[in-house]
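K.L.:
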Amino acid sequence: MAIKISSFTGLRPIKKLAHSIVSSSFDNLSVKEIKKASKNINWNFLNILSPETFFPSHSKKQLTNYVRGYLKSMVDNQILFKDDEPNFYIYKLSKNSKVQFGVIASIEINKKSQKNILPHEKTFTSKENSILRNIESTKTQVGPVYLTYKNKNNLKLLFKKYSNTKPEYFFTSAGGTKHSLWVTKNFKDRNYISSQLSKIETLYIADGHHRFAAISKLFKKTSQKNNKIKSVPLLAALFDQSSVKILSYNRLIKLKKTNPKEILDLIKKSFIDVKLCKFKKPNVKGDVMLFICNKWFSFNLLNINSKKEFSNETDIDLINSLIVDKICRIKKNEYKNYLNYLPGKFGYKELEKKVRKNEADMAFFVCPMTMHEIMSISNRKATVPQKSTFFDPKLIDGLVNLQMKL
7 MAIKISSFTG LRPIKKLAHS IVSSSFDNLS VKEIKKASKN INWNFLNILS PETFFPSHSK
67 KQLTNYVRGY LKSMVDNQIL FKDDEPNFYI YKLSKNSKVQ FGVIASIEIN KKSQKNILPH
127 EKTFTSKENS ILRNIESTKT QVGPVYLTYK NKNNLKLLFK KYSNTKPEYF FTSAGGTKHS
187 LWVTKNFKDR NYISSQLSKI ETLYIADGHH RFAAISKLFK KTSQKNNKIK SVPLLAALFD
247 QSSVKILSYN RLIKLKKTNP KEILDLIKKS FIDVKLCKFK KPNVKGDVML FICNKWFSFN
307 LLNINSKKEF SNETDIDLIN SLIVDKICRI KKNEYKNYLN YLPGKFGYKE LEKKVRKNEA
367 DMAFFVCPMT MHEIMSISNR KATVPQKSTF FDPKLIDGLV NLQMKL
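Here it is, written out as C-alpha cells:
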C-alpha cells in the first residue's frame with residue numbers, strides 16, 4: 007500500500023471558544039477580515055499561522071519563539087486539549103447550496119507515498135521555509151492539507167449517518183462557510199473509514215501546496231539526521247473529487263512605463279477577437295475578461311495571431327507568457343512587484359475597484375480550471391503558476407491539529 011492513511015489523536019479547541027479562535031487560511035482573508043480577526047489577539051490561531059501580522063518588526067527567531075510560546079500557552083490555559091485516543095474526524099463544509107463531506111486524517115509521508123501525492127501548483131520557497139520553521143518549533147501542524155481523489159468508496163452512507171447527529175463543532179466562518187465536525191469515537195466506524203480510505207491509490211493536492219512542501223522538507227531533513235526515521239505524519243483533509251468546487255484566481259497588473267491605452271492596442275493586434283462588452287463570467291478554457299481603460303473587453307487567449315500551439319497550456323500560463331512577458335515587458339523576476347492576485351470569490355467589481363483606485367492598471371478575470379484539468383496536469387508531473395486555483399469553500403485552520411514526535 008503506497009499511501010497509509012490513519013486515525014490520530016487530534017489537538018482541538020474547547021467547544022465554547024472554537025468559533026472565535028480558529029482561522030481561515032491567512033492567504034484567503036481580505037484586509038478587512040484580517041483586521042477583524044486581529045482584534046481578537048488573546049486567543050486566535052492567526053498568531054501561530056501569521057505572527058508577522060501582529061509583530062511586523064520581529065526577526066524570524068523572535069517570531070519562531072513567539073509561535074512556540076503562544077501554542078504552549080493555549081495548551082497550558084486549557085484552550086486546546088488532546089483527544090484520549092486516535093480518531094478520524096468527519097468534516098462537513100456548507101456554503102450557499104454547496105455541501106461537501108470529507109475526512110480529516112493523518113497520512114504517512116515517506117519516499118513511496120510522496121510519489122502518489124501529486125501537486126499541480128508551483129510554490130514560493132520562502133513560504134515553505136516559514137511553515138517548516140513553525141512546524142519544527144511547535145512540533146504541531148495547524149490546519150490540514152486539502153487533498154482529493156478519484157477512487158470510489160462507500161463513505162456516503164456513513165456521512166449521512168453522522169449528519170443526522172449533533173456535530174462536535176458547528177459555526178460559520180468569515181465568508182459565510184458553515185463548518186461541522188464529528189469525532190468518530192465508534193471503533194467500528196473508524197475501522198470502516200480506514201478500509202475505505204485504503205482503496206485510494208493517488209491523492210491530488212487541491213490546497214495547501216506550501217504545507218505539503220514543508221512536510222516533505224521535514225521528512226528529508228529528519229531522515230537524513232536519523233536513518234531510523236522512515237516517515238513523518240501529514241495532517242490532511244480528504245474529499246472526493248466530485249465534491250470539489252474551483253473558482254478562478256484573477257490577476258491584477260501594474261504596468262512599468264507603457265500606458266494602458268498602448269497596451270490595449272497591442273492586445274488588439276495580438277488577439278483576433280477582442281471586443282468591448284459588458285462583464286460576462288468566462289466559462290470556456292481560454293476565455294478571459296480584461297478590464298483596462300475603465301472598460302471591459304472579452305477575448306480568447308487561444309485566438310492569437312500565431313502558428314504556435316497553446317492548447318496544452320493553462321490560461322494563467324498564457325496570460326503570463328503572451329501578455330505579462332511579451333506585451334507588458336514584465337520579467338518573471340519582477341512579477342512580485344507588478345502582479346497581484348484576487349480570488350474569484352470577490353467578484354469582478356472588486357477588480358474594477360482596484361483598477362479605478364490605481365492599485366493596478368489592468369485586471370484579468372479568468373475561467374476557473376476544472377478538476378479534470380488539474381488532475382491531468384498533476385499526472386504529467388507538470389505544475390501551473392502560483393495562485394492559479396482557488397478552492398471554495400475553504401477549510402478552516404486550528405479546528406483539528408496534529409502534534410508530532412520530532
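Taking the numbering used here, the leading residue of the sequence shown gets 7, the next gets one more, and so forth.
Glycine included, each C-beta is placed from N, C-alpha and C at the ideal position.
Hey, would you say F177 sits closer than 9 Å to K184, going by beta carbons?
P.N.:
A contact, by the Cβ cut-off of 9 Å.
K.L.:
Pull up the CB-CB distance for L412 and G149, whole angstroms please, since I reckon it's below 8 Å.
P.N.:
So it is not a contact: roughly 18 Å between Cβ atoms.
K.L.:
Taking DSSP as the reference, what is the three-state secondary structure of M368?
P.N.:
strand
K.L.:
To the nearest angstrom, report how far apart R362 and D331 are at their CA atoms.
P.N.:
Approximately 23 Å, taken between the alpha carbons.
K.L.:
Can at least three beta-carbon pairs, one atom from the stretch 149-168 and one from the stretch 196-208, be found at a separation below 8 Å?
P.N.:
yes
K.L.:
Return the CA-CA distance between K166 and S13, expressed in angstroms with no decimal places.
P.N.:
For the pair K166 and S13, the Cα-to-Cα distance works out to about 20 Å.
K.L.:
Taking all protein chains shown into account, decide if I27 is buried (16 or more other Cβ within 10 angstroms of its Cβ) or exposed.
P.N.:
buried
K.L.:
Check whether the stretch 211-226 and the stretch 57-68 are in contact - that is, three or more C-beta pairs closer than 8 Å.
P.N.:
no
K.L.:
Is it right to say V109 is buried, meaning 16 or more other beta carbons lie within 10 angstroms of its own, or is it exposed?
P.N.:
So V109 counts as buried.
K.L.:
Quick check: D321 and V372, are their CB atoms within less than 9 Å of each other?
P.N.:
At a Cβ-Cβ threshold of 9 Å, D321 and V372 count as neighbours.
K.L.:
Assign L408 to one of two classes, buried (16 or more other C-beta atoms within 10 Å of its C-beta) or exposed (fewer than that).
P.N.:
buried
K.L.:
Should G292 go down as buried or exposed, given a rule of 16 or more other Cβ atoms within 10 Å for buried?
P.N.:
buried
K.L.:
Would you list the one or two residues that DSSP bridges to W49?
P.N.:
According to DSSP, W49 bridges with nothing at all.
K.L.:
Note the first and the last residue of the continuous beta strand (DSSP E) segment covering L345.
P.N.:
345-349
K.L.:
Can you tell me the Cα-Cα spacing of S63 and L253, whole angstroms?
P.N.:
35 Å
K.L.:
Can you list, in chain order, the residues of its chain with a C-beta nearer than 6 Å to that of F305? Leave out the 5 residues immediately preceding and following it.
P.N.:
F277, D279, V280
K.L.:
Go ahead and pull the three-state DSSP assignment for F352.
P.N.:
helix
K.L.:
What is the rounded straight-line gap between the Cα of T264 and the Cα of D398?
P.N.:
Rounded to whole angstroms, T264 and D398 show a C-alpha spacing of 36 Å.
K.L.:
Looking only at its own chain, which residues have a Cβ that is under 7 Å from the Cβ of E358, when we skip the five neighbours before and after it?
P.N.:
F297
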